[in-house]
Amino acid sequence: MQSRLWGFIFSILMGTLLFNGTAYGAHPLITDDTGTQGKGRYQLELNGEYGYDKEEGIKTETLDIKTILSLGLIDNLDLVLTLPYQRIRIKEGEQIEDSKGVSDVSFEIKWRFYEREGLSLALKPGLTLPSGDDDEGLGSGKATYSLFLITTYEDSPWAFHFNAGYIRNNNAIDERKDIWHLSVAGTYNLTDALKMVGNIGVERNPDRESDNDPVFILAGLIYSHSKDIDIDAGIKLGLNEAETDYTIAMGLTWRF
Numbered sequence: 306m307q308s309r310l311w312g313f314i315f316s317i318l319m320g321t322l323l324f325n326g327t328a329y330g331a332h333p334l335i336t337d338d339t340g341t342q343g344k345g346r347y348q349l350e351l352n353g354e355y356g357y358d359k360e361e362g363i364k365t366e367t368l369d370i371k372t373i374l375s376l377g378l379i380d381n382l383d384l385v386l387t388l389p390y391q392r393i394r395i396k397e398g399e400q401i402e403d404s405k406g407v408s409d410v411s412f413e414i415k416w417r418f419y420e421r422e423g424l425s426l427a428l429k430p431g432l433t434l435p436s437g438d439d440d441e442g443l444g445s446g447k448a449t450y451s452l453f454l455i456t457t458y459e460d461s462p463w464a465f466h467f468n469a470g471y472i473r474n475n476n477a478i479d480e481r482k483d484i485w486h487l488s489v490a491g492t493y494n495l496t497d498a499l500k501m502v503g504n505i506g507v508e509r510n511p512d513r514e515s516d517n518d519p520v521f522i523l524a525g526l527i528y529s530h531s532k533d534i535d536i537d538a539g540i541k542l543g544l545n546e547a548e549t550d551y552t553i554a555m556g557l558t559w560r561f
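For the sequence shown, the numbering used here assigns the number 306 to the initial residue and increments by one for each residue that follows.
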């Protein structure tokens, strides 16, 4: 099955080489940038991620599908709504647990408050509502909130992004409540149509029993069919046991 999945991903990557345009989208990066849509503009994203992890004989497969709508309230301020769907399959020996459904819905505001000579800064507060079933592992069971500081520096064809964030992980599943996040990303415009991206980061482990914080590295590509349509793909690898072994990500972005 895994060989067929890799074949499918490779076919998509090769196929998108035929597209032309300018790349704008941030997915598959984990690290956000300071870009906003502009007043009265919208962005719709459909992102899918398949994750695989095996530890101590337990195999976990996850499928995350997110629909993300961004609305430009003013030129430097966006409202972002994320509607997630998740499927989790855990296999231990002959025992299989399979959960699927809507996960926790989130609302965020991105405010770019500084911009000068290629350097820009933004704040991104967020609120997550407990719409997922925490008994099935699809949500936290309580409302959570977060605040991220986002830094972007652009010097074409390069761009660099840095995120430092705090997540108040209120939950009903006995996880840590105070989670921090640090990550950095870089992008390089290979052509007007093709952008190469890379990302590395670490986040506090929500598992109270572990002091091993998950660390990831990610590489991907972004192509544009036009100035308003992007297609992207990437792979994220875990650099320690606390992180998922690998995650394959694909996405489609439409601005209007």
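Using N, Cα and C, we set each Cβ at its ideal position, and we do this for glycine too. Computed from a predicted structure; not experimentally measured.
Residue environment, residue i, which counts as buried when at least 16 other CB atoms sit within 10 Å
i: arginine 513; result: exposed
i: leucine 334; result: buried
i: proline 389; result: buried
i: threonine 552; result: buried
i: phenylalanine 561; result: exposed
i: asparagine 545; result: exposed
i: proline 511; result: buried
i: glycine 506; result: buried
i: leucine 452; result: exposed
i: aspartate 460; result: exposed
i: isoleucine 478; result: exposed
i: aspartate 483; result: exposed
i: glutamate 508; result: buried
Residue i and residue j closer than 9 Å at C-beta
i: glycine 556; j: glycine 353; result: yes
i: leucine 499; j: leucine 454; result: no
i: serine 445; j: aspartate 409; result: yes
i: asparagine 504; j: leucine 523; result: yes
i: asparagine 562; j: aspartate 439; result: Residue 562 is absent from the structure shown; the chain starts at 306 and stops at 561.
i: alanine 554; j: serine 515; result: no
i: glycine 362; j: threonine 549; result: no
i: histidine 332; j: isoleucine 527; result: yes
CA nearest to the CA of residue i, picked from the options
i: glutamine 391; options: Ala448, Phe521, Val520 and Lys405; result: Lys405
i: glycine 485; options: Gln342, Tyr347 and Pro519; result: This sequence places tryptophan at residue 485; glycine is not what is there. Comparing Cα-Cα distances from tryptophan 485 to each of Gln342, Tyr347 and Pro519, the minimum goes to Pro519.
i: isoleucine 401; options: Val407, Ile393 and Ser408; result: Ile393
i: isoleucine 395; options: Leu544, Asp358, Gln342 and Lys429; result: Asp358
i: leucine 374; options: Glu361, Ser411, Ile522 and Asp338; result: Ser411
i: threonine 457; options: Glu441, Lys364 and Ala490; result: Ala490
i: lysine 532; options: Glu548, Thr549 and Trp559; result: Trp559
i: glutamine 342; options: Tyr355, Ala538, Leu376 and Arg421; result: Leu376
i: glycine 525; options: Asn517, Leu542 and Pro511; result: Leu542
i: glutamate 350; options: Asn476, Lys371, Gly398 and Pro511; result: Lys371
i: aspartate 337; options: Val385, Ser515, Tyr347 and Glu361; result: Val385
i: asparagine 468; options: Thr365, Leu428 and Gln348; result: Leu428
i: valine 407; options: Ala448, Asp460 and Glu441; result: Glu441
i: glutamate 366; options: Gln348, Asn517 and Glu397; result: Glu397
i: phenylalanine 521; options: Ile540, Ser529 and His530; result: Ile540
i: lysine 364; options: Ile527, Gln348, Gly345 and Glu399; result: Glu399
i: lysine 447; options: Glu480, His332 and Ala331; result: Glu480
Local conformation of residue i per DSSP, three classes
i: glutamate 399; result: coil
i: aspartate 460; result: strand
i: glutamate 508; result: strand
i: glutamate 514; result: coil
i: serine 308; result: Model confidence at serine 308 stands at a pLDDT of 46, short of 50, so the residue's coordinates are unreliable; what they give is reported in the following sentence. Correct three-state label for serine 308: helix.
i: glutamate 441; result: helix
i: glutamine 348; result: strand
i: serine 411; result: strand
i: lysine 447; result: coil
i: threonine 341; result: coil
i: alanine 328; result: Model confidence at alanine 328 stands at a pLDDT of 30, short of 50, so the residue's coordinates are unreliable and nothing is read from them.
i: aspartate 535; result: strand
i: glycine 362; result: coil
i: alanine 469; result: strand
i: leucine 544; result: coil
i: isoleucine 553; result: strand
i: lysine 429; result: strand
i: serine 375; result: strand
Is it true that the region 432-442 meets the region 452-464, where meeting means three or more beta-carbon pairs spaced less than 8 Å apart?
-> no
With contact counted as at least three CB pairs below 8 Å, one residue from each stretch, are the region 414-426 and the region 381-392 in contact?
-> yes
Three-pair Cβ contact test at 8 Å for the region 491-498 versus the region 472-481 | no
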